Amino acid sequence: MEMRMSLTQKLINDGNAAVDEMLAGIMAAHPEHLWRPDNAPRAVVAKHGPRPGKVALVIGGGSGHEPTFLGYVGKGLADAAAIGNVFASPPPQPAVDAAMAASGGAGVLFMYGNYAGDVMNFDMAAELLEMEGIEARTVLTTDDIASAPRDQRQKRRGVAGNVFIFKAAGAAADMMMPLEEVERIARRANDRTFTMGVALSSCSLPQTRRPSFDLPVGEMEIGMGIHGEPGVRRGPLRSANDVADEIMDTILAEMKAPAGDRVAVLVNSLGATPLMELYILNARIAERLKAARLVVHKTLVGPYCTSLDMAGASITIMHLDDELQRMIDHPCDCAMFRS
Amino acid sequence: MEFGTGDLKALFSAFSARMAAERDKLCALDGVIGDADHGIAMEQGMKAAADAAQDAEGTLQDLFNAAAKGFLNAVGASSGPLYATALLRAGKAAGPRASMPRAELRTVIAAMRDGIAQRGKAEPGQKTMLDAWAPAADAAINGQNVDAVAAAARRGAEATRDMVATVGRAARLGERSLGHPDPGSISAAMLVEEICNAMKAA
């Protein structure tokens, strides 16, 4: 009886089939943007985008973060995505399938969040591509400033900042820049993007339908990862302004942007937190940026990189320069994102 | 006292059944310091490995190779490359033979340890599955009795409670990973136990 009561309510058929059934629905909804190669059900490729002479940007990772990753496949952004199980890196084969389908003969850039599993699987994929004569390079995203100290940036996780970082690299590739340039811009975008989040409730996996972690009522986890990994610390739930202030204090201290510089802002829902709360956060974020005499060039608000049904939000600030601003302004047309 | 391809298929079925039975426990352990999916990955991976081994024909090595591929393609994750590499190494150790002396399962344990160490680039003491595989492999190679090999894996897994994770997903927790066992080491000790049971069966 107790076990029954603790199961989360979800609209699913079979937890183990959740990813493939979701993909079937996505393909049915977005035939003008996406296709899948034969015998590669976990590789999703842009209809318009990949073309001869263009660097192929291939992103990927576990499911459960929608619209990350496959929602950012489209012209001007990623050429293809490799799709893993819920919160689990895809195996090498879908990454190989995605890269082969998207390759335009100018090399492949793999981009994904910095997690041990993803690194092992995508590195194996890169080795397999090399045997096919396709050069694949990798840029890991490491924007989660709560996940390791500043001097260990290479250990940090990649989270919602992916959206801006992939966007910059995708624009560079769409401008037909060579692989070295796309890689350079991807690294620069990652270096200048900073994210921190808070969780207010646990997510639960479709396979288990149990909360992934305990978070007592009245508490929040600061710096929680997008898979429910514990964060920096746990504390009492505070107001939107207090949370925004703590995150902005941390980001601004690390970003060290001179007055007058421009930024792009992403206020992201981890899944269950509604737009109302995100916009309340953004009101404070805008005040803080103004007080720091920074210019907001672009703001995105919504569920861009989720953690299933977790309640909570993250704030991402990208410190723009002329080049990154051009990349962020470059048009893109994806199944779940247009700009 | 030979260990043949039929025995190997039975061993993979035992892996699969054990991981299915322990799935929710492993997920709960992972939820404390990770992302709560370890039990799912191990259940799916070992089911795929067992299915692939059942369908495979040929030598012990052929079966191990098929299982490795099945595991990897079913789960990805961290456990995919780690166990796929471990099983490929195990296949190399077993070799292109229809059967081997049952006691050579000791070298299979050591080969799995080597594969995991090579792919994961971790060392013992970093709060990973290697902390169960390494003491088990040492005990197996040093000729300790079968129960002692399984016990070494279990003790190794329990000892991860007192370790601070420095690689893998839990590494970002630092000191907060103290007091909780590594779920990958717990599942590893279960697999070692199944291999030890297979060594005893004869």
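Protein chains in written order, with the numbering used here: chain A, 56 to 394; chain B, 6 to 207. Backbone N, C-alpha and C fix where the C-beta goes; we use that ideal spot for every residue, glycine too. A quick note: this is a predicted structure, and the numbers were derived from the prediction, not measured.
- Within the region 75-90 of chain B, Leu77, Asn78, Val80, Gly81, Ala82, Ser83, Gly85 and Pro86 place their CB atoms closer than 7 Å to a CB of chain A, listed in sequence order.
- When C-alpha distances from Asn245 of chain A are compared across A:Ile277, A:Met275 and A:Arg208, the shortest belongs to A:Arg208.
- In this structure, the straight-line span from the alpha carbon of Pro92 of chain A to that of Met279 of chain A is close to 36 Å.
- Taking all protein chains in view, the Cβ of Ser294 of chain A is surrounded by fewer than 16 other Cβ atoms within 10 Å, so the residue is classified as exposed.
- For Tyr167 of chain A, the enclosing beta strand (DSSP E) covers residues Val163 to Gly168.
- If you ignore the 5 residues before and after Ala58 of chain B, its C-beta comes within less than 7 Å of the C-beta of Leu13, Lys14, Phe17, Leu68, Ala71 and Ala72, all in its own chain and listed in chain order.
- Segment contact: the region 258-271 of chain A against the region 141-158 of chain B, fewer than three CB-CB distances shorter than 8 Å; contact not assigned.
- Here Leu183 of chain A carries a helix assignment [DSSP, helix/strand/coil].
- Here DSSP, grouped into helix, strand and coil, assigns Met6 of chain B to coil.
- Secondary structure note for Asn323 of chain A: its beta strand (DSSP E) is the uninterrupted segment Arg317 to Ser324.
- The beta-carbon distance between Phe142 of chain A and Gly115 of chain A, rounded to whole angstroms, is 13 Å. This is too long to meet the 8 Å contact definition.
- Pairwise C-beta distances place the region 357-370 of chain A in contact with the region 313-327 of chain A, as three or more of them are shorter than 8 Å.
- Membership of Ala368 of chain A in the beta strand (DSSP E) is indicated by the continuous run Ala366 to His374.
- Gly81 of chain B and Gly315 of chain A have their alpha carbons spaced roughly 45 Å apart.
- For the region 157-188 of chain B, the set of residues with a beta-carbon nearer than 8 Å to any beta-carbon of chain A comprises Val172, Gly173, Arg174, Ala175, Ala176, Arg177, Leu178 and Arg181, in chain order.
- Against Ser158 of chain A, chain B offers no close residue; the least beta-carbon distance is about 21 Å (beta-carbon pairs closer than 9 Å).
- Comparing alpha carbon positions, the residue from B:Val169, B:Asn150 and B:Thr10 closest to Thr64 of chain B is B:Thr10.
- Neighbourhood of Asn176 of chain A in chain B, by CB distance below 9 Å: Leu77, Gly81, Ala82, Ser83, Gly85 and Pro86, in chain order.
- At the C-beta level, Met175 of chain A and Pro86 of chain B come within 8 Å of one another.
- Interface flag for Asp136 of chain B against chain A is unset, since no Cβ pair is found closer than 8 Å.
- Lys345 of chain A counts as exposed, since fewer than 16 other beta carbons sit within 10 angstroms of its beta carbon.
- Put simply, of B:Met6, B:Asp40, B:Lys74 and B:Gln49 the residue whose alpha carbon is nearest the alpha carbon of Glu27 of chain B is B:Gln49.
- In the structure shown, Lys109 of chain A falls within a coil segment according to DSSP collapsed to helix, strand and coil.
- In the three-state reduction of the DSSP assignment, Gly189 of chain B falls in the helix class, which pools H, G and I.
- Taking Arg247 of chain A as the centre and dropping the five residues before and after it, the same chain places the C-beta of Met373, His374 and Leu379 closer than 7 Å to its C-beta, in chain order.
- Per DSSP, reduced to three states, the secondary structure at Asp199 of chain A is strand.
- Minimum Cα-Cα distance from Val169 of chain B among the listed residues B:Asp143, B:Gly120, B:Met195 and B:Gly184 corresponds to B:Gly184.
- Sequence-distant partners of Ala227 of chain A (beyond 5 residues in either direction) whose C-beta falls short of 7 Å from its own C-beta, in its chain, are Glu236, Val237, Ile240 and Met382.
- Using a Cβ-Cβ distance cut-off of 8 Å, the region 177-192 of chain A and the region 350-361 of chain A are not in contact, since fewer than three pairs of beta carbons, one from each stretch, lie closer than that value.
- In this structure, Leu92 of chain B keeps its C-beta atom at 8 Å or more from the C-beta atom of Ile191 of chain B.
- With a cutoff of 8 Å on beta-carbon distance, Gly39 of chain B and Arg124 of chain B are scored as not near each other.
- Inter-residue distance for Ala46 of chain B and Asn71 of chain A is about 11 Å (C-alpha atoms, whole angstroms).
- When C-alpha distances from Val253 of chain A are compared across A:Asn296, A:Met186, A:Asp384 and A:Ser61, the shortest belongs to A:Asn296.
- Using a Cβ-Cβ cut-off of 8 Å, Gln209 of chain A does not count as an interface residue toward chain B, since no Cβ of chain B sits closer than that to its own.
- For Phe219 of chain A, no CB of chain B lies under 8 Å from its own CB, so it is not counted at the interface with that chain.
- The C-beta of Pro146 of chain A comes closer than 8 Å to at least one C-beta of chain B.
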